[in-house]
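Chains as they are written, first to last, in the working numbering: chain A, 12 to 231; chain B, 12 to 231. Beta carbons: idealized from backbone N, C-alpha and C, even for Gly.
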DNA sequence: ATACATTTTTAGACTAACTTAAAAAAATAT
DNA sequence: ATATTTTTTTAAGTTAGTCTAAAAATGTAT
Ligand SMILES: [Mn+2]
Ligand SMILES: [Mn+2]
Ligand SMILES: [Mn+2]
Ligand SMILES: [Mn+2]
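Below, the structure is given as structure tokens:
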């Protein structure tokens with residue numbers, strides 16, 4: 012009993028939603044995430060339940076079973092390792108790799124992921140700063156906060172993004188706010204919740220509320 | 012109008028059959044190659060024809076249009092480049108890569124193939140000695156003959172295989188008849204059409220008719 | 001407690017890709 | 001030239017995944 016491309020994408024969506032919301036994934040949440048109708052979700056959810064990949068009770072939302080969670084985690088592992096490959100080896104930029112990895116994550120092969128992992132030097136984070144689960148599905152948890160949560164004069168280093176859109180990633184490239192860049196909060200403006208920050212110890216810049224709420228930093 | 016995974020595999024099959032047989036691919040030939048029923052082929056062939064990928068006339072077999080041939084060639088390019096990646100970079104052996112490349116060839120991305128090609132150093136042949144078409148679909152044609160076509164005392168170097176099965180590839184590994192190995196025909200036995208050859212200038216070995224008819228060499 | 005709004009499910013229908021069985025066309029043999 | 005065999009197509013049906021529209025269940029507000 013193997014799992015289709017489509018089923019795999021649903022599992023990942025359910026994993027993502029449950030993690031974000033801390034509760035069972037609703038039909039509507041899944042349909043939004045997957046860009047399908049609610050009716051399609053109900054349909055798929057029955058099939059995933061038959062395959063023991065999720066727990067499903069009518070009108071009550073769904074949660075992943077252990078098998079479902081393993082599958083989802085393994086997919087995330089593959090997705091993020093392929094992203095590292097595309098950026099580190101093929102020199103794609105971080106805003107170009109998601110769509111390709113979305114396809115590559117579905118490649119089925121016994122040894123491929125492990126060999127890829129070794130080839131890449133067992134990276135712990137992907138190009139967007141997201142942790143790469145190990146072969147057993149364990150994530151490294153990093154102590155990180157949103158840039159918007161920094162206090163005046165606090166320092167941090169950019170370690171990840173919450174928003175993965177091309178628009179945001181390209182904006183960050185433009186601002187030279189790539190992963191690893193040190194930032195220090197100089198001033199907070201109550202008016203529009205924007206912040207004046209010192210980037211890389213050398214350049215001052217005002218960043219909007221939206222930007223600050225989508226950038227993860229590790230306090231120094 | 013984009014082409015599905017399945018349609019792509021049919022195009023490759025049609026390309027392969029036409030090349031091998033030098034005539035339009037019959038419904039039965041395609042169904043054998045694709046492991047589907049003849050009825051499924053008729054069905055698919057209509058769709059491919061609607062998409063202007065093949066020329067199809069009932070009961071007359073099919074040939075690729077220019078668009079169809081371009082698509083097939085591009086797929087072969089991707090398949091073989093991925094095989095090189097798997098062997099050269101991830102250290103898979105040549106009998107393990109076909110199935111994985113069969114999936115990887117369907118990844119859709121604007122720049123991926125070209126970057127992969129560059130990353131691999133623009134290889135001209137895949138791990139089985141098959142030529143890799145360039146971005147315009149042009150193959151390098153190599154002057155090669157079957158080992159069985161060598162005359163007594165003639166020398167050659169192993170450059171490819173006709174049979175791509177795991178069984179044959181592993182047999183060749185066992186015999187140390189990998190690509191690049193020099194072979195010299197010492198003796199031909201009429202009785203069973205087997206041959207005694209000198210491998211790598213140092214070891215004599217009798218090879219069966221079947222082996223000799225599936226191994227390509229370049230005369231020296 | 002009832003009415004209204006929202007969410008979810010069901011019903012019915014579509015497409016791509018597949019199947020088997022029967023019919024039709026083409027190829028081969030007598 | 002006719003009969004037989006082989007190949008191909010058509011017909012009818014299945015499954016995965018999708019949709020819209022309607023019905024049912026759940027949640028919220030007065
Ligand atoms: Mn995906
Ligand atoms: Mn990522
Ligand atoms: Mn394929
Ligand atoms: Mn090959």
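Looking at the structure shown, is residue i part of a helix, part of a strand, or coil, going by DSSP?
i	result
residue 56 (chain B)	helix
residue 199 (chain B)	strand
residue 36 (chain B)	strand
residue 79 (chain B)	helix
residue 154 (chain B)	coil
residue 159 (chain A)	helix
residue 74 (chain B)	strand
residue 41 (chain B)	helix
residue 213 (chain B)	coil
residue 89 (chain A)	helix
residue 48 (chain B)	coil
Could you pull the start and end residues of the alpha helix (DSSP H) that residue i belongs to?
i	result
residue 100 (chain A)	First-last for residue 100 (chain A): undefined, no H or E at that position.
residue 27 (chain A)	16-32
residue 129 (chain B)	123-130
residue 111 (chain A)	109-115
residue 183 (chain B)	177-186
residue 221 (chain A)	220-223
Going along chain B in order, which residues have a C-beta closer than 9 Å to the C-beta of residue i?
i	result
residue 114 (chain A)	117, 118, 119, 120
residue 123 (chain A)	97, 101, 103, 111
residue 130 (chain A)	100, 101, 102
Interface residues of chain B around residue i at Cβ under 8 Å?
i	result
residue 126 (chain A)	101, 102, 103
residue 70 (chain A)	Residues of chain B passing the Cβ test: none, with the nearest at roughly 35 Å.
Run through chain B and tell me which residues come within less than 7 Å of residue i, C-beta to C-beta.
i	result
residue 21 (chain A)	Near residue 21 (chain A) there are no residues of chain B at all, since even the closest Cβ is about 18 Å away, more than 7 Å.
Taking the beta strand (DSSP E) that residue i belongs to, which residues open and close that run?
i	result
residue 67 (chain A)	65-67
residue 191 (chain A)	First-last for residue 191 (chain A): undefined, no H or E at that position.
residue 173 (chain A)	That residue, residue 173 (chain A), is in no beta strand (DSSP E); it is neither H nor E in DSSP.
residue 230 (chain A)	226-230
I want to know whether the region 125-145 of chain A touches the region 146-159 of chain B - three or more CB-CB distances under 8 Å.
As far as the Cβ criterion goes, the region 125-145 of chain A does not touch the region 146-159 of chain B, which means the pair count is below three.
Counting pairs of Cβ atoms below 8 Å between the region 114-129 of chain A and the region 83-100 of chain A, do you hit three or more?
Touching, yes, given that three or more Cβ pairs across the two stretches are closer than 8 Å.
Do the region 188-200 of chain A and the region 166-173 of chain A make contact, defined as three or more Cβ pairs closer than 8 Å?
In this structure the region 188-200 of chain A touches the region 166-173 of chain A; the number of beta carbon pairs closer than 8 Å is three or more.
Which residues have their C-beta within less than 6 Å of a heavy atom of ligand 3, listed in chain order?
Ordered by chain, the residues meeting the criterion of a beta-carbon within less than 6 Å of a non-hydrogen atom of ligand 3 are B:20, B:113, B:116, B:117.
Cβ contact (3+ pairs, closer than 8 Å) linking the region 112-121 of chain B and the region 183-190 of chain B:
Contact fails: fewer than three Cβ-Cβ distances are below 8 Å.
Contact between the region 67-74 of chain A and the region 36-51 of chain A (3+ Cβ pairs under 8 Å):
By the Cβ rule, the region 67-74 of chain A counts as touching the region 36-51 of chain A, because three or more pairs are nearer than 8 Å.
Is the region 142-149 of chain A touching the region 212-228 of chain A, taking contact as three or more C-beta pairs under 8 Å?
Contact fails: fewer than three Cβ-Cβ distances are below 8 Å.
Determine contact between the region 104-111 of chain A and the region 79-88 of chain A, defined as no fewer than three beta-carbon pairs at a distance below 8 Å.
Note that the region 104-111 of chain A does not touch the region 79-88 of chain A; fewer than 3 beta-carbon pairs, one per stretch, sit closer than 8 Å.
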